[in-house]
Structure formats: structure tokens, C-alpha cells
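Structure first, commentary second.
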Amino acid sequence: MDSQGWGGGLALRPRDYLGIGEPLADVVAAAGPYGGEALHRLALGTAATMARLHLTGIAGLRLGPHNVLIGPLGEASFAPGPRSSELPPADVREWADVIVFAATGQAADGDPGLDALPDELREMIGRCRRPDPAARPTAMQLVRVLLGHSPSARHASVRELLREAEGWSGPDEWARTETRSRATGRHGRGPALI
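All residue numbers for the sequence shown refer to my numbering, where the first residue is 1 and numbers rise by one.
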């Protein structure tokens, strides 16, 4: 497992893996599927958390709509629990299925209805769901693409990319979106930012 994050001074933060909030499944059942900016923010926030966990040596996250938690300001974290023996590529596949669920309200079995996703996100989800685990992107590659960087760009360190992801989807942004969400009763349906 790549431990470059550990050597680079990245530490696991309790909020990454010991979140509080409602399961994504309950949020989608109550408010409907995510769209637009809210979907992009969810994808970026969960990919950044997954990347941080992978870089600190934690994988086998068993991601799903019931253990991705949505906090009071819209921030996403992962519920604690037993981990599987799977490697990071399995987590990337599960992440893709979680994002499909968030966008459609449906499990990503068989034909998951990827038409509900913006084009760029649909392509990324397709790569994450490849049968060959070695052909899937890493969590850090997902973060780079969701931030609008080239997947192979090396202009920013892992630490800088994770800080950028947190800044883009941080509490101030969540609070602004939460205010809009309360007014509309939805997560947001504007155009995707990717």
C-alpha cells in the first residue's frame, strides 16, 4: 500500500472515519437524489476522505449508502466499523457505487442508470467500475480530476491537493449550501462543477 501520505506528515483525523450524521441512504430517501453542485461536493469530499485513509494505510472501508454519513452541514464522513480485507481499488469501486446511489436513489447493480450523472462524472464512475481492479483510478487521481486538475498532473503535493479539496468543500461552503437546501428542500440541482 502506498504510504507516501504518512511519510509526508499526513495524519488520520478522527472526523475522516468517526463521523456523525445520518446515513446517505436516509438522506436520499428523505430529500431525494443529489444533483449539481451538491453531488460534486459529495463526490469530492468522500474521495478526499478515502484518499486520506488510503494514504495512512487504511483500506477495506466497506463503503455504501448506509455507512457514508452526512453531517448537519452536509459534510460526509464514513461510519466506523469492521474493515474488509479488500485493497484500495475495491474501495474506489464502492465509492463509485455510492455516488451513483446519491445521484439516482438506486443501487448501482447491473445497469446503474449512469445517465443521471453529468458527463464528466459518468466517465469517471465508469473507470471506477472497471472489472480489473488495476485499471481503476486511485483515490488521489479522483481528487485531482474532481478539482479540475489533469489526473496525471504532479504540480501539487498530496497535502496541497487534500487541502484544496477541503477548502473547496469545507464548512463555509456546506453552510451556504445548507441554507439553499433548506429553502428548496433539496440538495441542489444546479449544473455540475466538473
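Beta carbons are placed, not taken as given, at the ideal position from N, Cα and C, and that holds for glycine.
(message) Just to confirm, is the Cβ distance from A210 to V100 under 8 Å?
(response) Past the edges of the chain, shown from 1 to 194, lies residue 210, and the structure says nothing about it.
(message) Between the alpha carbons of D172 and D119, how many angstroms are there, rounded?
(response) With a pLDDT of 39 at D172, under the threshold of 50, the modelled position of that residue is not reliable, and the figure given next carries that caveat. Between D172 and D119, the C-alpha separation is close to 27 Å.
(message) Going by beta-carbon coordinates alone, are L42 and A102 separated by less than 8 Å?
(response) yes
(message) So, for P137: in the same chain, excluding its five sequence neighbours on each side, which residues have a beta-carbon less than 8 Å away from its beta-carbon?
(response) V92, M124, R127, C128, V145, P151
(message) With H, G and I counted as helix, E and B as strand and the rest as coil, what does DSSP make of L193?
(response) Because the pLDDT of L193 is 29, which lies under 50, any placement of that residue in the model is unreliable, and the number read from its coordinates should be weighed accordingly. Three-state result, L193: coil.
(request) Using three-state DSSP, classify A29 as helix, strand or coil. (result) helix
(request) Tell me the start and end of each unbroken alpha helix (DSSP H) in the stretch 73 to 142 that is at least 4 residues and wholly inside, in chain order. (result) 88 to 104, 119 to 128
(message) Is it buried or exposed, I20, if we count other Cβ atoms within 10 angstroms and call 16 or more buried?
(response) exposed
(message) Whole angstroms are fine: how far does the CA of P88 sit from the CA of V143?
(response) 14 Å
(request) Measure from the alpha carbon of A79 to the alpha carbon of each residue in P72, A134, S157, R62, then state which is nearest. (result) R62
(request) On a CA-only basis, which of E166, R83, E37 is nearest I58? Give me that one, please. (result) R83
(message) Given this structure, state the Cα-to-Cα distance separating G45 from L114, to the nearest angstrom.
(response) 20 Å
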